[in-house]
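For the sequence shown, full-length UniProt numbering assigns the number 1 to the initial residue and increments by one for each residue that follows.
A virtual CB, placed ideally from N, CA and C, is assigned to each residue, including glycine.
Below is one structure, written out as structure tokens, with a few remarks after it.
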Amino acid sequence: MPNDRADKILQLVNDAKKIDVTQLADKLHVSKVTIRKDLTKLEDKGLLQRKHGFALINNPNNLSYRLAQNYDTKLRIAQRAAQMVEVDETIMIESGSTCALLAAQLGKLDKHVTIITISYFIANFVERYPNLDVFLLGGKYQSDSQVVVGPMAKAALANFRVGQLFIGTDGFDPNTGFYGNDIMRTDIVQAMAENAKDLNILTDSSKFNAPSIIRSFTADKVHTVVTDSGIPQACSRVLTQNGVQLIQVDA
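Okay, here's the thing in structure tokens:
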């Protein structure tokens with residue numbers, strides 16, 4: 001299935017929430033047989049659901065749903081971030097949809113990389129790539145985000161030291177920095193950052209519209225931000241003024 005058709009299918013399903021296979025075939029000018037095959041592949045990736053001749057979005061609380069939002073932009077961000085990782089490097093990856101796509105891109109590039117993560121979703125997402133060695137931390141499991149948090153996870157982090165940590169973000173304020181929407185997850189991400197040389201944030205530009213609940217990092221603590229060209233100028237200016245390497249892909 002061509003990537004552009006997959007992106008169009010995801011966009012149509014996300015916009016409609018539920019759409020008939022016949023409608024998809026008509027809109028994309030392909031046969032229903034082709035659409036059904038495409039939907040099967042997308043469902044296998046966890047990007048949507050199929051039921052009785054329809055394609056449906058995933059549960060909004062599920063990471064698979066968030067993965068499908070702005071999918072093509074997130075994929076370009078992940079592809080660019082994958083260029084930052086060297087063969088045989090050990091990295092930390094927090095969680096989130098763009099981070100999951102980064103891990104998958106490293107798998108597809110056939111780079112041998114060791115990944116330390118708190119995300120069970122990411123571990124399952126890349127299980128088919130033998131070139132990736134994945135170490136999962138233990139701790140209190142949060143089922144919605146499919147991550148582990150808490151003292152046990154923080155204690156395990158003391159055994160690791162890496163060059164790069166890749167995380168997502170839930171919001172940004174030009175005056176105060178990056179934000180998360182969960183206190184315990186923000187706490188574990190801050191602990192991960194203490195055990196990494198460079199903190200890299202992967203996010204589409206929609207997260208720069210407003211802060212979230214709890215501040216995670218001030219801008220000066222961040223090494224690199226990979227986002228898209230839709231980032232507001234005021235935000236990009238603050239990042240560069242704070243010494244952040246800002247990488248933008250096409251929106």
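Where L136 is concerned, the enclosing beta strand (DSSP E) starts and stops at L132 to L136.
With contacts defined as CB atoms closer than 8 Å, V249 and R76 qualify as a contacting pair.
Residue burial is scored here from C-beta neighbours: N70 has at least 16 other C-beta atoms within 10 angstroms and is therefore classed as buried. Under the DSSP assignment, K51 falls in the beta strand (DSSP E) whose first and last residues are Q49 to K51. DSSP places D198 within a strand segment (E or B) once states are collapsed to three. Following the DSSP letters along the chain, one finds S216 in no alpha helix (DSSP H) but inside the beta strand (DSSP E) bounded by residues I214 to F217. Sixteen is the threshold: since fewer than 16 other Cβ atoms of the shown chains lie within 10 Å of the Cβ of M152, the residue is exposed. If you draw a straight line from the Cα of Y129 to the Cα of V113, it comes to about 10 Å. When DSSP states are grouped into helix, strand and coil, M84 belongs to the coil group. Across the structure, R80 and I116 are spaced so that their CA atoms are roughly 20 Å apart. DSSP, reduced to helix, strand and coil, places S205 within a helical segment of the structure shown. The C-beta separation of A210 from T73 comes to about 18 Å, leaving the pair out of contact by the 8 Å criterion. For Q245, the beta-bridge partners assigned by DSSP are T224. The C-alpha of D110 lies about 24 Å from the C-alpha of E43.
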